[in-house]
Amino acid sequence: MEGSSTSGADVSDYTRLIVEEVSYNEQELIKYCLNSDNKIGKKETATITTFIKQIVKRVHDLALKLNLTHGAYVEANKSRDKICDSLEANTLTILDLLSKNETNHQGNKSYAQTLKSKAVKKTLHSDNSVVVYPTDKTTTKNPEVIKQEMKAVFNPVAEGVKITAVRNLGEKGLLIRAAGKEDLNAIMANKTLKSIGLTVSRPMKRLPRLALFGVPSEITEDEIRESLIKLNNMEEREIMDQMKIGFKFGRKGGLTMNLTIEVSPELRNKLLNLKKVYLGWSCCRIEDFVRISRCYRCCGFNHVQKSCKAPTPTCAHCAGSHDTSTCEKKHPPTCTNCKKFHLAHDHAASDLNCPSYINALQGLINRTEYGN
Ligand SMILES: [Zn+2]
Ligand SMILES: [Zn+2]
Ligand SMILES: [Zn+2]
-19 MEGSSTSGAD VSDYTRLIVE EVSYNEQELI KYCLNSDNKI GKKETATITT FIKQIVKRVH
41 DLALKLNLTH GAYVEANKSR DKICDSLEAN TLTILDLLSK NETNHQGNKS YAQTLKSKAV
101 KKTLHSDNSV VVYPTDKTTT KNPEVIKQEM KAVFNPVAEG VKITAVRNLG EKGLLIRAAG
161 KEDLNAIMAN KTLKSIGLTV SRPMKRLPRL ALFGVPSEIT EDEIRESLIK LNNMEEREIM
221 DQMKIGFKFG RKGGLTMNLT IEVSPELRNK LLNLKKVYLG WSCCRIEDFV RISRCYRCCG
281 FNHVQKSCKA PTPTCAHCAG SHDTSTCEKK HPPTCTNCKK FHLAHDHAAS DLNCPSYINA
341 LQGLINRTEY GN
């Protein structure tokens, strides 16, 4: 934005200079005509003066138009920057929202935020899921084939096993959610599944992620580890073995950035107790990082626009097959995700209270190992 306002000043300086030069040329030409040494008649002088005045007027008009156009261009750039800023601010960083909420309007949390602040602390022994993959990793069986093979040898009615959900896991496996522990154990213990080449196991849980806010941009990974050990009383062993430095997020190119780290459940507890950590010359806020990305192109979860594979875009406002930015908003909002899952969908897909979004967030929390 600084760049565009500087060039705005450049453009008006430039046009002012041109106008001044043309006025100077006009005066010089008229002086030249009026100089009797040059022997130009009164009639010719009048004609030349008329033409030069017309030329000057046209240059003035052009200069004015150029200034107006450039002004509009600068304004458009400013609002483009504003849109970029608001897009960035709207990325579904629950933690960012949560921290803003704490300072701005406490007590007015969205459901997603309330869920996040409650759910992260709970342990997840109620999760009765198993994953089913072909034992032979080189096979190209898709989830539908696995489902058919499983159905051929495993009958939930005969086994007395209650199943609440069966989902495809990418292009390679199945996730089966059982009603209770006994149902889960019955599937796990089934020998026939093993004999037909299917491996049944508990889903691998993901390690918790934490976010560090306001980390100096120039700090190295080694300096972060060293600071955590020496300035924050962490044990060297746990920092070296139980922490993986993740990705940066937030505004790019500033003096500070935000950083994610992946940690063991034990290390998470220790770090969260500190609330802030000293890194080099800085003191950084540390919090749980629970984020679901929602694609700006298709509104789908767990991927971003860059890696979107949807054949057509889906509007976040009306669920139509067009970019959200081109939506004429003639209809009330319709959430494409909730419509797909047969949930109430009279809201925009970007709504933070969207039930599908909350489910995705809860799913992420369920898949994370928080320990006891
Ligand atoms: Zn997408
Ligand atoms: Zn639309
Ligand atoms: Zn929704």
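Just so we're aligned, residue -19 is where the sequence shown starts under the working numbering, counting upward by one.
Where a beta carbon is used, it is the ideal one built from N, C-alpha and C, also for glycine.
Report the residue from the options whose alpha carbon sits nearest the alpha carbon of residue i.
i	options	result
residue 274	268, 266, 265, 285	285
residue 187	132, 269, 43, 348	348
residue 279	193, 150, 154, 297	297
residue 157	143, 139, 300, 271	143
residue 113	145, 33, 154, 141	154
residue 239	267, 291, 253	267
residue -1	47, 10, 25	47
residue 111	124, 317, 161, 168	168
residue 272	249, 332, 256	332
residue 308	-3, 295, 344	295
residue 198	214, 29, 229, 234	234
residue 253	30, 290, 213	213
residue 246	300, 171, 221, 322	221
residue 133	50, 223, 173	173
residue 330	277, 43, 290	277
residue 207	251, 170, 181	251
residue 355	326, 229, 318	The structure shown does not extend to residue 355, since the chain spans only -19 to 352, so no value can be given for it.
residue 237	5, 191, 181, 118	191
residue 135	115, 163, 42, 108	163
residue 224	248, 210, 211	248
residue 228	209, 215, 217, 195	195
residue 130	180, 217, 161	180
Output the distance between the C-alpha atoms of residue i and residue j, rounded to the nearest integer angstrom.
i	j	result
residue 305	residue 56	15 Å
residue 138	residue 159	16 Å
residue 193	residue 219	18 Å
residue 76	residue 201	For residue 76, the predicted model reports a pLDDT of 37, less than 50, meaning its position is unreliable; a value from the coordinates is still stated below. Their Cα atoms are separated by approximately 23 Å.
residue 36	residue -8	17 Å
residue 176	residue 324	41 Å
residue 148	residue 123	6 Å
residue 53	residue 303	24 Å
residue 183	residue 165	14 Å
residue 287	residue 1	55 Å
residue 341	residue 231	23 Å
residue 322	residue 121	29 Å
residue 311	residue 178	48 Å
residue 20	residue 31	15 Å
residue 38	residue 3	12 Å
residue 43	residue 51	12 Å
residue 14	residue -5	29 Å
residue 125	residue 118	15 Å
residue 170	residue 343	26 Å
residue 345	residue 45	57 Å
residue 11	residue 40	21 Å
For residue i, verify whether its CB is less than 7 Å away from any heavy atom of ligand 2.
i	result
residue 302	yes
residue 307	yes
residue 263	no
With respect to 7 Å, is the separation between the Cβ of residue i and the closest non-hydrogen atom of ligand 3 below this value?
i	result
residue 273	no
Closer than 7 Å: is that where the CB of residue i sits relative to any heavy atom of ligand 1?
i	result
residue 283	yes
residue 290	yes
residue 150	no
residue 295	no
residue 277	yes
residue 280	yes
Are the C-beta of residue i and some C-beta of chain B separated by less than 8 Å?
i	result
residue 241	Among the chains of the structure shown, chain B does not appear; only one protein chain is present.
If residue i and residue j are in contact, beta carbons under 8 Å, what's the gap, nearest whole angstrom?
i	j	result
residue 203	residue 260	6 Å
residue 281	residue 189	No, residue 281 and residue 189 are not in contact; Cβ-Cβ is about 17 Å, not under 8 Å.
residue 263	residue 256	5 Å
residue 313	residue 290	With a Cβ gap of about 20 Å, residue 313 and residue 290 do not count as contacting.
Legend entry - Neighbouring residues (CB closer than 7 Å to any heavy atom of ligand 3): Per the CB criterion, closer than 7 Å to any heavy atom of ligand 3, the qualifying residues run in chain order as 315, 317, 318, 323, 325, 327, 329, 331, 334, 335, 336, 337.
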